[in-house]
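2 protein chains.
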Amino acid sequence: MSSPPEQFAARFEAEKRASMAQLLMRCARLVNERGLALVREHLGVPLRASHTALFPHIDLEGTRLTDLARRVGITKQAAGQLVGELEQMGVVERSPDPEDGRAKRIRFIREGPRSVLQGLAVLREVEAQLEAQLGKSRMRSLHGSLLELLAVLENPDHAP
Amino acid sequence: MSSPPEQFAARFEAEKRASMAQLLMRCARLVNERGLALVREHLGVPLRASHTALFPHIDLEGTRLTDLARRVGITKQAAGQLVGELEQMGVVERSPDPEDGRAKRIRFIREGPRSVLQGLAVLREVEAQLEAQLGKSRMRSLHGSLLELLAVLENPDHAP
DNA sequence: GAAATAGTCAAGTATACTTGACCAACATTC
DNA sequence: GAATGTTGGTCAAGTATACTTGACTATTTC
Chain A
150 MSSPPEQFAA
160 RFEAEKRASM
170 AQLLMRCARL
180 VNERGLALVR
190 EHLGVPLRAS
200 HTALFPHIDL
210 EGTRLTDLAR
220 RVGITKQAAG
230 QLVGELEQMG
240 VVERSPDPED
250 GRAKRIRFIR
260 EGPRSVLQGL
270 AVLREVEAQL
280 EAQLGKSRMR
290 SLHGSLLELL
300 AVLENPDHAP
Chain B
150 MSSPPEQFAA
160 RFEAEKRASM
170 AQLLMRCARL
180 VNERGLALVR
190 EHLGVPLRAS
200 HTALFPHIDL
210 EGTRLTDLAR
220 RVGITKQAAG
230 QLVGELEQMG
240 VVERSPDPED
250 GRAKRIRFIR
260 EGPRSVLQGL
270 AVLREVEAQL
280 EAQLGKSRMR
290 SLHGSLLELL
300 AVLENPDHAP
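If you read the protein sequences in the order shown, they are chains A and B. Using this note's numbering, the first residue of the first sequence is number 150, and each one after it goes up by one. Using this note's numbering, the first residue of the second sequence is number 150, and each one after it goes up by one.
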């Protein structure tokens, strides 16, 4: 505990270099900012990170608000607010659930300037930039590793 | 633009699978939450993501508040608030800059239960868990790729 | 009909910032 | 070496975000 400064420095630097959590957070922060800025600029939509956090949980067939909220881990009220904003932006739509009169289904708008595909196309621009700088194989490796990581993170019992 | 549903579905799924930005953000969110929760639990410190965003920019020799703020991209007042909280938690300390009577240097507390090393040790626990599930080579590959990615993100003219 | 469920409305809280005003210590200039 | 401008930091107040809790209505399920 009372190690000399040089030893502390060495250990600190080693830990810092090794810390994947920090690395991941920094990379995500930067990619995140870049992507959102580009989407806002190109599509003219005030999209924020809290909105994009919903995206992976919105199914093609439509997802009910309560389900969405549960999957994301927030209250239905919070989810409702974000969905309301996305609806106003023209990114998603709410339509009545044919199987349940109380419920509504939230799904992506398929066409038009603010459709998901437009958004994803913009994101691909970011990724193309990165790929140009990282190289194709590095990029593929990173992508694969992230997929594995996500599987592990979302399913604690995952064995690759 | 007016493609049939199946085509939309196929394209959407393909884009979604390919979207590294989304992947990165999701992974980071999960790792982030897990890490912070563990640190709070083990060290009893109400550390938040905004605090950890400062860490990579605090040098061993100490960093001045203004520099820290500029590097992170926030105002000195905002940085001051976060540093104040970290100081209260016993994670960093402010000491007068010997070369400038106005300035103070912010540096990590080296010893004690809330020192960086303790925090990084806790983070290593998370990483060890992940490594156990991902495998050593996947983990190393991911780590290397993230380092490359960070270099690219922080320096636009980087060529690997 | 009673109880649970899907969603909305309203209000409140914590966070992560910002702008503006200010003081003390430097740095420059005449 | 006094006047002036600049820089480092703090105090205070305000704003936008990302939520939360609580109360309520319309359905559905039992």
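Virtual Cβ for every residue (Gly too), placed ideally from N, Cα, C.
Checklist entry - Between the Cα of A/Asp93 and the Cα atoms of A/Thr212, A/Leu269, A/Gln237 and A/Val221, which residue gives the shortest distance? => result The structure shown does not extend to residue 93 of chain A, since chain A is modelled only from 150 through 309, so no value can be given for it.
Checklist entry - What residues of chain A sit near B/Arg287, judged by a beta carbon separation below 9 Å? => result Translated into positions along the second sequence, residue 287 of chain B becomes position 138. Neighbours of B/Arg287 on chain A, chain order: Gly293, Ser294, Glu297, Leu298 and Pro309.
Next on the checklist: Considering only their Cβ atoms, is the gap separating B/Leu295 from A/Leu173 smaller than 8 Å?
Outcome noted: In the first sequence, the residue the question calls residue 173 of chain A occupies position 24. In the second sequence, the residue the question calls residue 295 of chain B occupies position 146. Yes, Cβ-Cβ distance for A/Leu173 and B/Leu295 is below 8 Å.
Checklist entry - So which residues on chain B does A/Glu276 lean against when the C-beta distance must stay under 7 Å? => result The residue you call residue 276 of chain A lines up with position 127 of the first sequence. The answer, in chain order, is Met169 and Ala170.
Next on the checklist: Considering only DSSP beta bridges, list what B/Thr212 is partnered with.
Outcome noted: Translated into positions along the second sequence, residue 212 of chain B becomes position 63. B/Thr212 is bridged to B/Ile255.
Checklist entry - Quick one, are the C-beta atoms of A/Pro247 and B/Gln171 less than 8 Å apart? => result One-based indexing of the first sequence puts residue 247 of chain A at position 98. One-based indexing of the second sequence puts residue 171 of chain B at position 22. No. Outside cutoff.
Checklist entry - What's the C-alpha gap between B/Pro245 and B/Ser199? => result Your numbering for residue 245 of chain B matches position 96 in the second sequence. Your numbering for residue 199 of chain B matches position 50 in the second sequence. Their Cα atoms are separated by approximately 24 Å.
Item to check | Alpha-carbon to alpha-carbon, B/Ile223 and B/Ile255 | outcome: The residue given as residue 255 of chain B occupies position 106 in the second sequence. The residue given as residue 223 of chain B occupies position 74 in the second sequence. Taking the straight line joining both Cα atoms gives about 16 Å.
Next on the checklist: I'd like to know whether the C-beta atoms of A/Ser290 and B/Ser168 end up nearer to each other than 8 Å.
Outcome noted: Mapped onto the first sequence, residue 290 of chain A falls at position 141. Mapped onto the second sequence, residue 168 of chain B falls at position 19. No, they are not a contact pair.
Item to check | Spatial distance of B/Gly239 from B/Gln230 (CA atoms) | outcome: For the purposes of this step, residue 239 of chain B is identified with residue 90 of the second sequence, where counting begins at 1. For the purposes of this step, residue 230 of chain B is identified with residue 81 of the second sequence, where counting begins at 1. Going by the C-alpha atoms only, they are around 14 Å apart.
Item to check | For B/Glu242: DSSP bridge partner residues | outcome: Here residue 242 of chain B refers to the residue found at position 93 of the second sequence. For B/Glu242, which the question treats as bridged, DSSP gives the partners B/Arg256.
Item to check | Cβ-based neighbour list, A/Pro262, same chain, cut-off 7 Å, excluding 5 preceding and 5 following | outcome: The sequence position of residue 262 of chain A within the first sequence is 113, counting from 1. Only Leu192 meet the Cβ criterion.
Item to check | A/Glu248 (DSSP reduced to helix, strand or coil) | outcome: As a first step, residue 248 of chain A must be located in the first sequence, where it is residue number 99. Looking at A/Glu248 - three-state DSSP - the assignment turns out to be coil, as it is neither helix nor strand.
Checklist entry - What residues from the region 188-222 of chain A come within 8 Å of chain B, judged by C-beta to C-beta, listed N to C? => result Ala198, Thr201, Ala202, Phe204, Pro205 and Leu209
Item to check | Residues of its chain near B/Leu203, where Cβ-Cβ distance is below 8 Å and the 5 sequence neighbours each way are ignored | outcome: What you label residue 203 of chain B is simply residue 54 of the second sequence in a count that begins at 1. Around B/Leu203: Leu217, Val221, Ala228, Leu231, Val232 and Leu235.
Item to check | Exposure of A/Glu297, with buried meaning 16 or more beta-carbon neighbours within 10 Å | outcome: Taking the first sequence and counting its residues from 1, the one referred to as residue 297 of chain A is at position 148. By the 10 Å Cβ count, A/Glu297 comes out buried.
Next on the checklist: I'd like to know whether the C-beta atoms of A/Val275 and A/Arg183 end up nearer to each other than 8 Å.
Outcome noted: As a first step, residue 275 of chain A is located in the first sequence; it is residue number 126 there, counting from the start. As a first step, residue 183 of chain A is located in the first sequence; it is residue number 34 there, counting from the start. Cβ atoms of A/Val275 and A/Arg183: closer than 8 Å.
Checklist entry - Which whole-angstrom value is the C-beta distance of A/Val188 and A/Val271, which I expect to be below 8 Å? => result For the purposes of this step, residue 188 of chain A is identified with residue 39 of the first sequence, where counting begins at 1. For the purposes of this step, residue 271 of chain A is identified with residue 122 of the first sequence, where counting begins at 1. The Cβ separation is near 5 Å, so the contact holds.
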